[in-house]
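One structure is given here, and the rest of the page talks about it.
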Amino acid sequence: MQTPSDHAYPDHWEADVVLRDGGTARIRPITTEDAERLVSFYEQVSDESKYYRFFAPYPRLSAKDVHRFTHHDYVDRVGLAVTIGGEFIATVRYDRINADGRPASAPADEAEVAFLVQDAHQGRGVASTLLEHIAAVARERGIRRFAAEVLPANNKMIKVFRDAGYTQKRSFEDGSVHLTLDLEPTAESLAVQRAREQRAEARSVQRLLAPRSVAVIGAGRAPGGVGRTVLRNLLDAGYTGRTYAVNRALVLDMHELDGVPAYRSVAEIVAETGEPVDLAIVAVPAERVPDVVADCGEHGVQGLVVLAAGYAESGGEGRERQRELVRQARSYGMRIIGPNAFGIINTADGVRLNASLAPQAPAPGRIGLFTQSGAIGIALLSGLHRRGAGLSSFISSGNRADVSGNDFLQYWYDDPDTDVVLLYLESIGNPRKFTRLARRTAAVKPVVVVRGARHSGSAPPGHAVPTTRVPYATVSELLRQAGVIRVDTVTELVDAGLLLAGQPLPAGPRVAILGNSESLGLLTYDACLTEGLRPQRPRDLTTAATPQDFCDALAGALRDDACDAVIVNAIPWVGENGVTESGDGEVLAAALRAATASAPAKPVLVVHVELGGLADALAAATSSAPQATGQDRAGRPAAGARRDVPPTGPGTAGPLVAGAGQDDRPATPAEIPATAGRIPAYPAAERAVRALAEAVRYAQWRRAAAEPGKVPQYEDIDESGAAAFIEGLLDTAPGERGVTLREDDARRLLQRYGIPVRPTLPAPDADAAVLAAARLGYPVALKTTAPHLRHRPDLGGVRLDLADEHQVRQAYTELTDTLGKPAELQPVVQAMVPRGVDTVVRAAIDPAVGAVLSFGLAGPATELLGDTAHRLVPATDRDAAELLRSVRTAPLLFGWRGSAPVDTAALEELLLRVSRLVDDHPEVVAISLEPVVVAQHGLCVLGAAVRLAPPPPRTDLGPRTLPSY
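Heads up, the sequence shown is in this note's numbering, so the first residue is 179 and it goes up one at a time.
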């Protein structure tokens, strides 16, 4: 592109965005080549909008105006345009001004800003999105405030400024409203931005899942084939919208395929029917897809599901084809699922969409399922169907070039038809955003994730976004901190989803175990202990137990205040004639439902052995129950839901007595509707217990999330002094890669945050060691600081409790004789501190997830086991307390085997101070405090390493954008 010669074209300002109605648009700087586009755009703007922009009739742009509005220096004068299909639909411009409002002749920090949006696109959130982007550009160019003059009648523009969340001032001068906006992001502006992001991205998904019309492009004339299969699946599911078949090879006299209208292009559909097509299922070879996308984009299609393969999964040429597909679709305002996708399903009664290759649509239910892999999607659909679990929606995204799991989290967050979210992910392209969205969603409904490719270090070929380089263990723990239920296998994903979609959350970890097998009860008991639950002694009903015995025992357990959940074990039982009753599972299922219908609502799980009939009977009840017992996210019965059965589902976390029974007896099977119970069944005790343990941990997290911790304020923190000190150190650092601080500089910086580090004195020879010991005061420690020996007392590089000069000289001689010359060992002397537990505190900024605070005990054993806990910064007092207790070696801090507990309060305070330092100063990209010796009273930091560098950009604070590849 041709641009003014003084500044290069800032291509990093280009961005694809999702607008309020779910459509996409592109924002980019205006260039000198945009003159014709600008003139055409201006001609389509109404006279009223022109008057609001220029405060006077302004019917056309003069040549001078066009030159002025297309020539920018990208510093003091900047113009951005919003484009769809390459044409302008909106513009914004700022001009740097002095305090008196005149153009600035020298750098100033204020600019005048003005917007113009084409009337046909007003109300789509274009101006508010442009404001975010032009504000980010202005901040990058050193502008801190925007000034705007708006006519009082221009209510829409005034609302855009008012609702942005920035600190602002307003006044009425000379017949116009004068607004001044402080462009520094605030908590309110960030909240506004994220709320708009959620609405826009959720709407973009909703347009894909609930289209009014669908065209299957590539539906062949002969039965079979991908396109014809999807068309058949659409019809078999009973899709409620208009359906079209599209195939460019159709003969002129062929007007139908499988009973639906057939056309050669989307253009023909629109021309003949006058109706738009909302969703296109693209089932043509990859080389034909660009023509299809152009046909769809030029005729108003809102979204594409691209089933075709041959993209990034096929190599370099395919990757470029995939990039071009995304660029082309977004240029028309369309979003894409795929390519290489398996399809989408929406079971809502008003939609009934099966635009996928799944031959059988799942039953309606309360689970939202997202998978990146088609093969895993097939397995999950099959597994959930066999066990009677219904779905609200299903998406298999393939290469995930555009629409991702983040978009569906935005949609499911407030989708009333979804109570549980299940995700199979092979990569997390934006962990920072995913963690934020998952935390918000998990606060109202469970989010269960299984990660594929977690040990290979990279996602399978074809994924648009590469997998994060953050260690899997770190990402896993951060997801748990966000309330995500992380499981290891697809089987566990189904197990957890089945429980969470059908049962209330447990109020605690206490588990009652009952059944007709003593051995199975003991296995269940042991599994509960392994998972950290608190099981009661199993109750053996004996093999002679009848279904009514099960009913009575279960009802009693549910009424027990000392019980939070019940696991029922069932094996074939002996009947009156002495034969094994293995096929009458429906009777037992009805008995169990009868017990749950008239007792407090607590989770019930069934472990069955050789009782396929029982599992089938429970699955049948599960599949139909959601229609009978729907709830909103708070656990209240949803509109139209039955009131005669106990509420269930993840919203109900405490005891709740149903209204079906008025006395203490359990209802009989005859009194209970077939759909009253949704009891998950498992073929192994370990699987049931693991699912229950995840539900218990999630319920605990959710209760804790309702009362979040606080970030303490410490009066002795010198934030401004630390900022000046950091700035001075970075100014003297060579290049832009940062600097590792010298020990004394690190000590001074940490001291400003109330983190004292015990001094060390160099000991290049024995005499220097003796002088250092005298200066510090006996007893002292002598240790090496060589990299290969640092923090490795097991290698003999440390001598402790040296009480006098003789011991210092002797230790020095032993050290150098055994390990090497002083120049290689770099010995230092440090004063001894009280005995305690050696720990390690670290913090680091990762571009993918942000600042992470880490804690573990010092030593090779901990390092070998990977026993380190992590929390995102800023950490709260609750985070710090949990961090200490998250490591497996935590008992050493709390008096293991009779040892004295150490000062964990001091350790928590240290963690919080480190968190504050990193949060206040993102230039502190890494801190390592090792060892931190925690005694019975107080602690001592014996070693510290700090690295400073220009901080990586905070993508979560910038304007809303779609990922670019």
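Idealized CB from N, CA, C, for every residue including glycine. Source: prediction; values computed, not measured.
| task | Assign Thr209 to one of three DSSP states: helix, strand, or coil. | result | Looking at Thr209 - three-state DSSP - the assignment turns out to be coil, as it is neither helix nor strand.
| said: Under DSSP, the alpha helix (DSSP H) around Gly516 begins and ends at which residues? | reply: Run containing Gly516: none; DSSP gives neither H nor E here.
| Start and end residues, beta strand (DSSP E) containing Pro940 | Residues 938-940.
| field | DSSP state of Leu388 mapped onto helix, strand, coil | value | A small correction: the amino acid at residue 388 is Ala; Leu does not occupy that position in the sequence shown. Here Ala388 sits in coil by DSSP.
| query | For Gln1114, does the count of other Cβ atoms within 10 angstroms reach 16, so buried, or fall short, so exposed? | reply | Around the C-beta of Gln1114, fewer than 16 other C-beta atoms lie within 10 Å, and the residue is accordingly described as exposed.
| In terms of DSSP beta bridges, what is Asn747 paired with? | Beta-bridge pairing links Asn747 to Gly693, Val785.
| message | Under DSSP, the alpha helix (DSSP H) around Glu288 begins and ends at which residues? | response | First-last for Glu288: 288-295, but that is the beta strand (DSSP E), not the alpha helix (DSSP H).
| task | Mind reading off the beta-carbon distance from Val370 to Val304? Whole number of angstroms is fine, and I expect it under 8 Å. | result | Not a contact, Cβ separation roughly 16 Å.
| said: Taking its Cβ as the centre, do 16 or more other Cβ atoms sit within 10 Å of Ala365, making it buried, or is it exposed? | reply: A residue is called buried once 16 or more other Cβ atoms fall within 10 Å of its Cβ, and Ala365, having fewer, is exposed.
| What's the gap between the Cα of Ala445 and the Cα of Ala795? | Each residue's alpha carbon lies about 50 Å from the other.
| So what's Ile395 in DSSP terms, helix, strand or just coil? | Here Ile395 carries a strand assignment [DSSP, helix/strand/coil].
| request: Examine the ligand FAD and report whether any of its heavy atoms sits within less than 6 Å of the Cβ of Asn524. | output: The model on display carries no ligand, and the ligand FAD is accordingly not part of it.
| task | Would you identify the three-state DSSP class for Asp273, choosing helix, strand or coil? | result | The answer is strand: DSSP assigns Asp273 an E or B state.
| message | Quick check on Lys228: does DSSP put it in helix, strand or coil? | response | In the structure shown, Lys228 sits in a helix (DSSP, three-state: H, G or I).
| message | Per DSSP, what are the beta-bridge partners of His477 in this structure? | response | DSSP, once it has assigned bridges, lists no residue as partnering His477.
| said: Can you find the residues in the same chain that come closer than 6 Å, C-beta to C-beta, to Pro851, ignoring five residues on each side of it along the sequence? | reply: Any reading at Pro851 needs caution, since the residue's pLDDT is 37, under 50, leaving its predicted position unreliable; the model's value is listed next. Here the set comprises nothing.
| field | Stretch-stretch touch, CB-based, cutoff 8 Å, three pairs: the stretch 903-912 with the stretch 735-752 | value | Short answer: they don't touch.
| task | Determine the DSSP secondary structure at Pro844, reduced to helix, strand or coil. | result | For Pro844, the predicted structure reports a pLDDT of 45, less than 50, and the residue's modelled location is therefore unreliable. A value from the coordinates is still provided. DSSP places Pro844 in coil when its eight states are reduced to three.
| field | Three-state class that DSSP yields for Asn333 in the structure shown | value | The answer is helix: DSSP assigns Asn333 an H, G or I state.
| said: Contact defined as beta carbons within less than 8 Å: I believe Ala690 pairs with Gln726. What is the distance between those atoms, to the nearest angstrom? | reply: The C-beta distance from Ala690 to Gln726 rounds to 18 Å, too long to meet the 8 Å contact threshold.
| Expressed to the nearest angstrom, what Euclidean distance is found between the alpha-carbon atoms of Val455 and Asp597? | When rounded, the distance between both Cα atoms is 30 Å.
| Per-residue burial, Asp1057 [other beta carbons within 10 Å of its own, 16 or more giving buried] | Burial of Asp1057 is indicated by the presence of at least 16 other C-beta atoms within 10 angstroms of its C-beta.
| In or out: Trp879 buried (at least 16 other Cβ within 10 Å) or exposed? | Classification of Trp879: buried, given that the 10 Å Cβ count is 16 or more.
| query | Taking all protein chains shown into account, do 16 or more other C-beta atoms lie within 10 angstroms of the C-beta of Thr996, making it buried, or fewer, making it exposed? | reply | Counting of Cβ neighbours within 10 angstroms places Thr996 among the exposed residues, the total staying below 16.
| CA-to-CA distance, Arg513 to Val746, given in whole angstroms | Distance between the alpha carbons of Val746 and Arg513 is about 47 Å.
| request: Report all residues from its chain with a CB closer than 7 Å to the CB of Thr1139; omit the five preceding and five following residues, and keep chain order. | output: Taken in chain order, the residues that qualify are Ala193, Asp194, Val195.
| query | Which residues in the same chain as Gly561 place their Cβ atom closer than 8 Å to its Cβ, once the five residues preceding and following it in sequence are excluded? | reply | Val668, Thr669, Val672, listed in sequence order.
| field | Pairwise C-alpha distance: Thr1054 and Ser898 | value | Going by the C-alpha atoms only, they are around 22 Å apart.
| field | Contiguous beta strand (DSSP E) assignments of at least 3 residues, all confined to the stretch 528-599 | value | 531-534, 542-549, 569-574, all fully within the stretch 528-599.
| Counted within 10 angstroms of its Cβ, other Cβ atoms place Pro1005 as buried (16 or more) or exposed | Buried, by the Cβ-count rule.
| task | My understanding is that Ala871 touches Leu711, with C-beta atoms under 8 Å, so please give their C-beta distance in whole angstroms. | result | Confirmed, Cβ separation roughly 6 Å.
| task | Quickly, what does DSSP pair Glu327 with across the bridge? List them, please. | result | Answer by DSSP bridge pairing, in chain order: His356.
| request: Specify the secondary structure class of Val383 as computed by DSSP and reduced to three states. | output: Under the three-state reduction of DSSP, Val383 is assigned to helix.
| said: Measuring alpha carbon to alpha carbon, tell me which residue in Tyr956, Glu351, Gly1121, Glu214 is nearest Thr938. | reply: Residue Gly1121 is the option with its Cα nearest to Thr938.
| Supposed close pair Val1080, Pro934 - CB separation, criterion 8 Å | Wrong, their Cβ atoms sit about 18 Å apart, outside the cutoff.
| Would you call the stretch 572-591 and the stretch 373-385 touching, i.e. three or more CB-CB distances under 8 Å? | The stretch 572-591 vs the stretch 373-385: in contact.
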